[in-house]
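Worksheet for the structure shown next.
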Amino acid sequence: MSKRVTTLAAAAVILALVVEWAFRGASGMALVVAVLFWAAICQGMVALAAAADLSGARWFLPLRGHLMGIYPLLFAFPALFLVFSANLSVYPWLGHPTRWLEPNFFVIRNVALLLLTAVAAHLWAGADRRGARSAKVYCTLYLFSFVVTQSLMAFDWVMSLEAPWINTLFGAYFFIEALYLGIAATALVALLRARRDPARYRPVLVDATKLIFGFALLWAGQIFAQYLTIWYGNIPEEVGYVYKRVAVQPYGAMAVFVLLAMFVLPFGILVARAAKTRPGPIIAAAGLVMAGYVVEKLVFILPAAPVHPVALALEFVILGVPVAGYLFARPDVPPS
Amino acid sequence: MSLGTYFDQLEHDVLAAMRKPSKLYWAALAVSAAAFALGLGCWGWQIYEGLGMAGIRSPVGWGVYITDFVFWVGIAHSGTLISAVLFLFRAKFRCSFNRSAEAMTVIAVMTAGLFPLIHLGRCWFFYWLMPYPNQRHLWVNFRSPLIWDVFAVSTYFTISAVFFFVGLIPDLAIARRRFTGWRHWVFRILSLGWQGTAEQWKHYAWLYMFLAAFATPLVISVHSVVSWDFAMSVIPGWHTTIFAPYFVAGAIFSGTAMVITLVVPMRRILGLDTYITVDHFEAIAKILLFTSLIVSYSYIVEFVLAWYSGNPFEIAHFSFRAVGDYRYLYWLMLFCNGLLPLTLFVKRLRRNLKYLFVLSLFVNVGMWLERFVIIVTSLARDFDPYNWGNYAPRFGEIGITIGSFGMFFMLFLIFTKMLPVLAIAEVKEHSS
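Line by line, the protein sequences are chains A and B.
Counting along the first sequence from 1, when you hit position 76 you're at 519 in the numbering used here, and nothing is skipped either side.
Counting along the second sequence from 1, when you hit position 193 you're at 977 in the numbering used here, and nothing is skipped either side.
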């Protein structure tokens, strides 16, 4: 399985390179949006497995091995960021670099951190297979690198498009969203497996959907904490960022969709107890969360930088095939 | 040992803690009561002299009193959060800590609630904070976060008290069966006719789950409101979006430390070693470590983004925190909250109760300092250099602060002798 995943990841990188070459810089931030989404799902699922491991959560055990096994795909993301680095001209700060926002340093630190996350996951999976005591150490290291990497994705990849605008919660918001997506994907995997083996996977499914419900609330709390502080402070250089994304169309309508997809609808759908085990509501809730994430990233990026829709669609599919192919394939490894 | 014998022993051991106090208990109660009396005396002095006896004056209009408010409200928030969240996550070790944590919550909210009144100066006009119809058509400012605080904290107190009481009902019924005399009558009234039938347990489980699910987002929102007392302003160091989750994490961090501070000696003095095990302490130490990491993350992000923004006011403010007049407090805070808890990565230290107790004291100090540093440094160095000025607390403020600790520990000591300190019914459930 691991070899197949590695091959698929390598193929995805090569195809993404071809797409970027074909568009010759016109793709804008398309690859960034695709990488943000698929990296959030892959890193989020491995982070969920790591958090479950460290807290001794037994409910997660039936899916643990399968979700951890996605780690070879994490090695694709540093390579994909290198592919994107040819397109750095989309960043307005390129004309007047600072000590932090300097092109070489920007690329090196982001590639290094994405690589560190992948290496930490690899070491953890290896130690776990051997039953070594160091597994806990690598598991912790993975969580650290996950938090730092997702924070840097937020601050460097997205926030710096509007530098010097700052939002201190942006980093935490991104890694919580990555976990949210990881949980949504986990629920879908559990749903698929619960059809074959309900006794084993139904409890995982119920707990995963409960977590989606909880994270919908957490997400709403985080977005409200950002919005309220900026709106109430009413500082022109801060409010401008929000104004462009809320009051200007079509971003305003997209922002409303994000609110509905990430909070209102998953909350409403999953509030009933029975909905937490029925396929329709679970697929709807998880699908909305994922769609909401993509649209939200477009709301963040589009007012500041272009995203070519065709390039985005192609890269989305290219990266999605290995992830979905792995997650929804028939299990050929015994669950740990 | 059979399950029946174990249950009998459990009831005996937990309720034995409520019997005749030892000399050590009386000594602790006397010290706490004396500290409380000192605080009351200082408050009386302030009422007589006026708020001018305190060190707060322009530009630092919020000093130790608001620091104390945020500190105690943080302790209060974490109690229910620890109890409710661990319940929702089905963490079995919670039954060693939940009763103490919930009692701590109720007592800490009462303590915290005093500080806005103390800070008002003319505390007898506290009812002006409430929206009530009056002849002058005066109305509270609903756009002020301070008014949000009044509603948030009072709602929180109500829910915490109900959550605490509902959790106690099955244990009060056990106490009713075990005690005679006046205590039997008190527990008979408080246990609300609990018989432990299947129907009662069914309703009880639903209610407890509902309260836990309701209390969790409530706590997060209430402490977010406390953080917005600061973040809604435009002052450097206060106006930042990370404040809400950062304050919530800080509250759980300080509250977990306070639970350890309370439960380590309580376990020893009341002889509850069999039920509150080292494994349970190790689990709660992990929560302490986890929340410390979140708090440290927030410290780093605030600092780095101030530098990244290039905003001269933000940079000047964070430089002032690190190398200005309050630098020693700042670095001590970082040591207590960021560095020292990292030692909990070592399993041996997580399982060493003496070490955990000492560490929890450092964290308590660190978290008090954190609030002091946030409040005072931002006010001391505003945008306008003409408006700069330092603050140092005076004797009255220090006395009132000591008094608040006295009140908290005094009430907690009284709790340990009046109510079961462990959730007996829950321990039984997990044992069986």
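By construction, the Cβ of each residue, glycine as well, lies at the ideal position given by its N, Cα and C atoms.
| Item | Value |
| --- | --- |
| Sub-8 Å separation of A1106(B) and Y1114(B) beta-carbons | yes |
| Chain B within 8 Å of T560(A), Cβ atoms only | no |
| Alpha carbon of M596(A) to alpha carbon of V478(A), nearest angstrom | 10 Å |
| Proximity winner among I831(B), T964(B), E1210(B), A1033(B), relative to I859(B) (alpha-carbon distances) | A1033(B) |
| Pick from P1125(B), K804(B), I840(B) that is closest to Y1175(B), judged by C-alpha positions | I840(B) |
| Minimum C-alpha distance to F791(B) - residue among L1073(B), L913(B), D955(B) | D955(B) |
| Pair within 8 Å by beta-carbon distance, F524(A) and L557(A) | yes |
| Endpoints, alpha helix (DSSP H) assigned at T652(A) | 641-676 |
| Three-state secondary structure (DSSP) of G836(B) | helix |
| Meets three-Cβ-pair contact criterion under 8 Å: the segment 859-874 of chain B and the segment 1162-1173 of chain B | no |
| Residues near F1102(B) in its chain [Cβ-Cβ closer than 6 Å; skip 5 each side] | F1087, A1090 |
| Chain B contact for N547(A) (CB, 8 Å cutoff) | no |
| Straight-line Cα distance separating I1159(B) from G1187(B) | 21 Å |
| Per-residue DSSP class, three states only, for V714(A) | coil |
| For G1173(B), the three-state DSSP class (helix, strand or coil) | coil |
| Neighbouring residues, chain A, relative to I1158(B) (Cβ below 8 Å) | Per Cβ cutoff of 8 Å: no residues; I1158(B) is ~14 Å from chain A at best. |
| Simplified DSSP assignment, three categories, for R841(B) | strand |
| 8 Å Cβ cutoff, G1094(B) in contact with chain A | yes |
| Any chain A beta carbon closer than 8 Å to A868(B) | no |
| Alpha-carbon to alpha-carbon, G847(B) and P892(B) | Contrary to the premise, residue 892(B) reads as Ala rather than Pro in this sequence. Cα-Cα distance, rounded: 19 Å. |
| Under the three-state DSSP convention, the category G508(A) falls into | helix |
| The segment 1177-1187 of chain B contacting the segment 811-831 of chain B, beta-carbon criterion three pairs below 8 Å | yes |
| Same chain only: Cβ atoms within 6 Å of L901(B), ignoring 5 sequence neighbours per side | C907, F910 |
| Within 8 Å, strictly: CB atoms of F589(A) and Q486(A) | yes |
| Contact check, T864(B) vs S944(B), beta carbons under 8 Å | yes |
| Paired residues, beta bridge with V937(B) - DSSP | Note: V937(B) sits in no beta bridge, so no partner. |
| With 16 other Cβ atoms within 10 Å as the buried cut-off, status of L770(A) | buried |
| Within 8 Å, strictly: CB atoms of V425(A) and P521(A) | Residue 425(A) lies beyond the residue range present for chain A, which begins at 444 and ends at 779; the question has no answer from this structure. |
| CA-to-CA distance, W536(A) to R878(B), given in whole angstroms | 50 Å |
| Chain B residues whose Cβ lies nearer than 7 Å to that of N610(A) | T1025 |
| Inter-residue spacing [alpha-carbon to alpha-carbon] between I609(A) and F549(A) | 17 Å |
| Cβ-based contacts, 8 Å cut-off: residues of the segment 980-1005 of chain B near chain A | P1001, I1004, S1005 |
| Coarse secondary structure for G471(A), derived from DSSP in three states | strand |
| Three-state secondary structure (DSSP) of G1018(B) | Here residue 1018(B) is Val; the residue named in the question, Gly, does not match the sequence. Three-state DSSP puts V1018(B) in coil, outside helix and strand. |
| Opposing strand residues paired with V750(A) [DSSP bridges] | G471(A) |
| Collapsed DSSP secondary structure at A555(A) in the structure displayed | helix |
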